[in-house]
Every structure is written in structure tokens, then in C-alpha cells.
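*Asks:* Chains as they are written, first to last, in this note's numbering: chain B, 713 to 969; chain D, 1014 to 1309; chain P, 969 to 1278. Every residue, glycine too, gets a C-beta built ideally from N, C-alpha and C.
(1) Could you list the residues in the region 1114-1148 of chain P with a C-beta less than 7 Å from some C-beta on chain B, going in chain order?
(2) How would you list, in chain order, the residues of chain B whose beta-carbon sits under 8 Å from the beta-carbon of residue 1233 of chain P?
(3) Can the beta-carbon of residue 1379 of chain D be found less than 8 Å from the beta-carbon of residue 1104 of chain D?
(4) Measure the CB-CB distance between residue 968 of chain B and residue 1027 of chain P and report whether it falls below 8 Å.
(5) State buried or exposed for residue 913 of chain B, treating a residue as buried only when at least 16 other CB atoms are found within 10 Å of its CB.
(6) Verify whether the separation of the beta carbon atoms of residue 692 of chain B and residue 848 of chain B is less than 8 Å.
(7) Whose C-beta lies closer than 7 Å to the C-beta of residue 900 of chain B among residues of the same chain, with five residues either side of it excluded?
(8) DSSP puts residue 911 of chain P in a beta bridge; with which residues?
(9) Taking the alpha-carbon of residue 1154 of chain P as reference, which of P/1006, P/1144, P/1081, P/985 has the nearest alpha-carbon?
(10) Around the C-beta of residue 1106 of chain P, are 16 or more other C-beta atoms found within 10 angstroms, so that it is buried, or is it exposed?
(11) Return the residues of the region 1022-1036 of chain D that lie within a Cβ-Cβ distance of less than 7 Å from chain B, sorted by chain order.
(12) To the nearest angstrom, report how far apart residue 1289 of chain D and residue 928 of chain B are at their CA atoms.
(13) For a quick check, are the C-beta atoms of residue 1170 of chain P and residue 1008 of chain P less than 8 Å apart?
(14) So residue 996 of chain P is in the beta strand (DSSP E); what residue range does that whole segment cover?
(15) With a threshold of 8 Å between beta-carbons, can residue 1251 of chain D be considered close to chain B, or not?
(16) Report all residues from its chain with a CB closer than 7 Å to the CB of residue 918 of chain B; omit the five preceding and five following residues, and keep chain order.
(17) Please confirm if residue 1106 of chain P has its CB atom under 8 Å from at least one CB of chain B.
(18) I want to verify the contact list: residues of chain B whose CB lies under 8 Å from the CB of residue 1081 of chain D, in sequence order.
(19) To which residues does DSSP link residue 1252 of chain P through a beta bridge?
(20) Assuming the contact rule is C-beta atoms closer than 8 Å, residue 1078 of chain P and residue 1049 of chain P should be a hit. Round their C-beta distance to whole Å, please.
(21) Which of helix, strand or coil does DSSP assign to residue 1232 of chain D?
(22) Residue 1072 of chain P touches chain B at which residues, Cβ-Cβ below 7 Å?
(23) Is the separation between the beta-carbon of residue 1180 of chain P and that of residue 1135 of chain P shorter than 8 Å?
(24) With C-beta atoms as the reference, is residue 1160 of chain P less than 8 Å away from residue 1176 of chain P?
(25) Runs of 3 residues minimum, wholly inside the region 723-781 of chain B: which ones carry the beta strand (DSSP E) assignment?
(26) Is there at least one Cβ from chain B nearer than 8 Å to residue 1048 of chain P's Cβ?
(27) Relative to the C-alpha of residue 1137 of chain P, which candidate in P/1236, P/1164, P/1218 has its C-alpha closest?
(28) Tell me whether residue 920 of chain B is buried or exposed, calling it buried when 16 or more other Cβ atoms sit within 10 Å of its Cβ.
(29) Anything in chain B within Cβ reach of residue 996 of chain P, meaning under 9 Å, just list it in chain order.
(30) For a quick check, are the C-beta atoms of residue 1256 of chain P and residue 1202 of chain P less than 8 Å apart?
(31) Suppose contacts are defined by Cβ-Cβ distances below 8 Å. Is residue 1168 of chain D in contact with residue 1235 of chain D by that definition?
(32) Classify residue 1278 of chain P as buried or exposed, calling it buried when 16 or more other Cβ atoms lie within 10 Å of its own Cβ.
(33) Find the residues of chain B that neighbour residue 1023 of chain P, judging by a C-beta separation of less than 7 Å, and give them in chain order.
(34) Which residues of the region 936-965 of chain B have a Cβ closer than 8 Å to any Cβ of chain D? Give them in chain order.
(35) For residue 1114 of chain D versus residue 1151 of chain D, is the C-beta spacing smaller than 8 Å?
(36) State the beta-bridge partners of residue 1051 of chain P as determined by DSSP.
Pasting the structure below:
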């Protein structure tokens, strides 16, 4: 089982690399190089802040885009192209396939994010010099990776039953709604009756990306508590596990073409 | 016979358990974060203009979201009996930068800002700035002048500025005639009770929002009580003048022919006659807007 | 000992706008293949051959029925270690090289690292891809992909091999080579189950065949038995139209063009016909046995409306 899972994970990673996903790093570097001096000219003394905001937001946005673009095809592409036939004729369990694909994409995102983080800190050193408080930014990046866990799990889930276009739309919609998760809860708090029930259910069902976005705080050198990190980690893992499990449920019962 | 898939019932149970886990974790996360962290980001935003650019054309939707947050923030704080509403102005500022034509945020937002705590942020200067911004962006909306005048009158007691506001507003095409009347009254009788009564009646008559109507009623009730108290205290003086002593209870004055019966406030409770000759209401909480220093 | 036992396996597809109607792609099939046998699964396009294979590989789930492979349930994932599958028109990850694909697939089938290192290059040679092992599959021709397909079906040395139209899209040289490969697998004692609509291939390789048409089994039997059940014919061409009257009784058919006669006769009657022609001094031009024994069986079985199992 482990051998098969590892093989599928690594192959998924290999596919992403050969699909030239890492080229996005070039764009990222260009963005970093341009942002600080360019925007810094507009507001004096804001160079570091601009760099941090652009850098961390780009890490998040690029990652989500990659997660969605690769994720939507993870399963559906294999069903369409029938590359699955020769895989499923082997002792590979269908759940191993789903989990392996998921982990492979996560691996891709983690590698990509690590490279971006390194580039970001280099840029930070050149612009502003490195300070102790800059380590706080790693928490924001870690939370971004937790976001990736959820987004990827959701796109894999959609990929098991939906065509790439719809999967992309659903995933993007959920990302936007998840960003405004707290407003959704507020709405649930002020509504009444059946609407309140529906809104509350929706609020919990939607992923909570608002709590995972601490870019603004860490950019202003605010620390994040250890318990918050723990519970956010648990939340992301449990939520992703739920989505991946649902994906397994669907995929196992699916008749392929 | 070995099947190659996990049993549906097992998966279903697992799904429910895992999801319940996410709900628990999320509650913890939200508790730890506190209610205002998302809102506090407002303090970090460089400017509303930048936010508008970043919103990629969806600025009016974002404005709605920020307005909703502002209302939520205000409501929550008021329920807690808070005396500080620090994030209110930044929230309103961002909202109106995102959508300069969101009239309701100027109208209500400025009222929330200007009223003294705990009913409001107690920042009338900021409220004036906000309304002026609204007028700049929406010059044909005369009601904003009304709001402006109102704030000058009620929270800043600057009757001259209030009068100017009402006057300018009356010149906007479509303005209702009593704007001119208000302007005149403000100029001549700014501190008068009759002006206040006129103003609050205008508010009551022209507003459709039930909460605003309720506030107007509260003010009018207090003004009514104010008038009653003034009259009652005058008659107490007359009594003293005739008898040389203060009345010890209302009955004394009734017997003296100065009162037709026991005096009642607009809520039906009896006014209190205090030993030093002053009059007060039984329940001051119901009459929060009584102002003893007001002119007649 | 049966390597493959199919017991009542069937598949209906829900069709129509409301998915209410049922279209049977495979009616309940009963079939058994002995260990070491090469079994041909014949039928025209759309007969249900690929459906049967997809059911056995758990790519689709059956409406009813079950099957065993090597004595274990066909649903048991572990049994797939000993099974190889070549789908019709196979698609592989085009960003991998042939070598990488075989390595990946072998790993998924549980082949150890040492074995993989040893066997992959040899296997690539065996299927004729020895010098393109490092090239990306996206650059492979159809014939080359077919060879990769066979290689991945046997890299883990399975006991049972399922091939769906293994010759499709190949030129004559390619088909010859694939035939040789299959013969090689046969010699190794593997059980081979292959579907095709090309009868000459089946005739050359199979021990037994089954004919399937419109989702139903129409006939099943050993090759030589089938040959015997349908009389063989030969074509005899000679110069000498005058001979016709003498020999016409023996002929099934005859066509005359000038002096040349083309006659169809039963293969067992060839000797007596040639003797007759010699006696009337007709000039013999050619004697050609007509192939199509299996073809006739096939055509007969696929023409009938009712199911007949001989």
C-alpha cells in the first residue's frame, strides 16, 4: 500500500513538474522585483510593507491558482484520456489512486511555496535587511499552505464527478466564499427562522479561509498564538480529510467510460 | 468474497465524524481569533483608493460587505455597552471610498458616529467630515444636508452651522419646504425647545425607518416631559410665593387650585415632587433626552 | 483448472433522457477458460467484447453476475498482481518515457526494485522498443504504443493476460511481431484471453474461441472442432470448358470465362475432381484451399437471431 501510494504521489509530482508548473516562479520573482521599488515610490517608508503584502499575497494567490488548475484535471483527465484503464487493472485500490493524486499535488504546492518563500526572504533581505520579526511571516505562509490543503481537496472532490470547467468554477466560487466566511456567519447570526438554519449550515459547510489569512497581522509584526495555530491545523486537516473521503466515496462507485 | 471498495455506511459515518471535527475546531479558532480581527485589518489598509483598485471592479459589492460589517460592528459593540467604537470611522471611510454613492452609509453611519457613547462613537467632527464627503459625491441628494444640520444641532450644538446646512439643503432642487423653515428656526431659536420639537416631528414624519421613528418618539416624549417639568416647577414657585413654604406633595397644590389633578408624565407615571421644589420623572431611563438647560 | 470463470456477468446501461430505458451491452455471460489456454473472444464491433473485459478489470461494475480469476473473486485487488491487461487503443502518460512508464507500472503491480532493474530493458528489447526506451511516449507512433501496451501487460510476469484487439492499428509487420509475442507468451504457459474481430489471428493462435454478437454468446468451441463442423472448400481453376459436363456433379459452384473454368468443390472431393479432369485432359491452372472456415462459423453464428451454443 505504501509503495503504491508513494509511487502515485511521486508520479503526480513528476507530471506537474514536466507540465512546467514551476515556470510560475519566474513570474513571481518578477513581481517581487518590481513591487517594492515601484510601489514604494508612491508611499514613503512603505517599501517593506508593500513587499510583504505583495509577496505573501502572491504566494497565496499563485498557489490557489495552481491548485485549481491542476486539481480540476487530476481525476477527470485520467477518465477522459482513459489512462486509468491500465492503472486500475493493477492491484491499485481506487482510494489509493485518489489519495496519491492528492498528496502529489500537495507535494507540488509545498515545493513551489518553499521556493517562493526562499525568494521572498532574499528579496526582503535586499530591500530592508532581515529582522527577527520577519520570522513571524512564516506563520502566514504556513497558514497559506493549510489553505492549499483545503482548496486542493475540494478540487480533487469536484474532479471525481464534474468536468474541468465546472470544477474550476465551483472551486473558485468556494475560494471566494471562504474568504468572506466570517461575513457569512454574521449574516447567519442576524437572520431568523429557516433562513438562519440554512445560513448557519452553509457557513459551517463553506471552508473558512478568513481565519487562515493572517497576512495583514503578521505584516504589522503581530504574533499568532500557539493554540490558534494548532486549531487551524486541525481544522484544515479534518476539512481536507472530509473532502478527500467524499472524493473516494464517489470515485469508488463510479463506472468509468 | 472480497470487495474492492470500502463499505458505504462506514464512509458515511466517517464523513459525519470528520465534519463534526471541523465544526469543533472552527469554533475554537473563531473564539481564539476574537470577533474583530478581520475588521481590524481595516486599520492596516493604506487607503480606500487602493482597496478600490484591488477590488477589480467589484467595489460596490465590497462596499456592501464593508457596510454590513460596520453595522454588525456597531450593533455588537452597543449590545456590549461599549464606550469605544474605534473601528467605526475607518470602516465607514473604506465603505464610502469603495462606493461613494452608498447613501445609507453616510446617513446612518454619520449618526452612529456622532451620537455620544454608549449610543454612538461620540465623534461628531468625524461624522461631519463623513457627511460632507457624501454631499461632495452626491450633490443632488438634499437629505444629506438634513443629516448634516441635524448633527451640527444635536451633537455639536452649533446652531449657526446647522442653520447654514439647512439653508444650503433647501436650495437643492426637490428639497422639501421645511428645510427652509428649519434654517430660519436654527438661526433665530437654535436652543429652543420648540425648534427641537419641530425638528423631531420632521424626522418622525419623513423617516420610513422604524428605528429612527422610535428615536424621534423618544425625543418628543422627553421634550414633552421637559415642558411639563418646567411648567410644574413654575407653579411650585407660585405656591411658595403664596404660602411661603414649598409644597410637600401634589395634593397641596391641587387643594391650592394650582393643579387640576395629580400630574402624570407622557407614559402615565406620576411626576415626583422633590423636597427642594424641583420636579423629576419617576423613571429617568425612559426619558433620556431631558435637557434642563434648554431655553423655552 | 480454470483460470477464468465468468458466471452470469451482465451489463445494462441506462439510456434516454430520464435514464429510464435499459440498453443491454452484455447479456448474462457464462464462460470458462482453462489454465494455459489461449482463448479467442470473437465478435463484430460493438458486440460486447470490450464491455466484458472492462467488467473483468473492474473498470465498470456489473449489473448482475460474478467471475473468478485464478480461483479468486474478480473484485479482489490482490489477484490483479497476477493479471495483465492491454486495453483497446491504449493511452499512457505521454510525459513519461517508455522505461519510466514500465518502471511505474511494475512498481504499482508490486514488482521489487531489483527485479525492475533487471527486467525492464530486456522487455523493451523483446517488444522491439530497445533503442527508444528513454524517449517520451508523446513521440511514439501508434504501433510503438501498442508494443508499450503489451510490455506493460506482462512486465510483472502475470499468469493471465487479457488483450483487447492487440493487433489494431498495426501494419502487417507489426501484426506479425505481435503474433510472435503472443505465441511466446503461450509458450511460457500463460493463459491468454484476447478479443478480436480479425479471424485469421484467432485461427492462428487460439485453442478455443467464443463468438459474441449483440451482447450474447453465440457459439463456443475448440478450433479444430469448429473446422470440422463446417466443411472446407477449395477452388480449382482449369482450362477446358468441355470438362464441365463431366465434373459438374462434384462442383458446388462454377464460373466460366471463355475456356477457363473456376469451380468450387468440397476439400475432401479435390482428389477425385483432379482425377476426372486429368482423364478428360483439362489443363489444370491452380488449386487453392479456401480459408474462411472460422469465417463461415462466425458468419453463421452472427447471422442467426436466436442464441445457439454448439
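*Replies:* Looking at the atomic coordinates:
(1) 1120
(2) In chain order: nothing, as chain B lies at least about 48 Å away.
(3) Outside the shown range of chain D (1014 to 1309) lies residue 1379 of chain D, about which nothing can therefore be said.
(4) yes
(5) exposed
(6) Since the first and last residues shown for chain B are 713 and 969, residue 692 of chain B lies out of range.
(7) 908, 911, 912, 915
(8) Past the edges of chain P, shown from 969 to 1278, lies residue 911 of chain P, and the structure says nothing about it.
(9) P/1006
(10) exposed
(11) 1024, 1027, 1028, 1031, 1032, 1034, 1035, 1036
(12) 60 Å
(13) yes
(14) 989-1002
(15) no
(16) 886, 889, 890, 893, 896
(17) no
(18) 895, 898, 899
(19) P/1206
(20) 5 Å
(21) helix
(22) 719, 723
(23) no
(24) no
(25) none
(26) yes
(27) P/1164
(28) buried
(29) The contacting residues do not exist; residue 996 of chain P stays about 18 Å from chain B at best.
(30) yes
(31) no
(32) With a pLDDT of 40 at residue 1278 of chain P, under the threshold of 50, the modelled position of this residue cannot be trusted; read the value that follows with caution. It is exposed - the Cβ of residue 1278 of chain P has fewer than 16 other Cβ atoms within 10 Å.
(33) Neighbours of residue 1023 of chain P on chain B: none; closest Cβ ~10 Å, over 7 Å.
(34) 937, 939, 940, 943, 944, 946, 947, 950, 951, 953, 954, 957, 958, 960, 961, 964, 965
(35) yes
(36) P/1128
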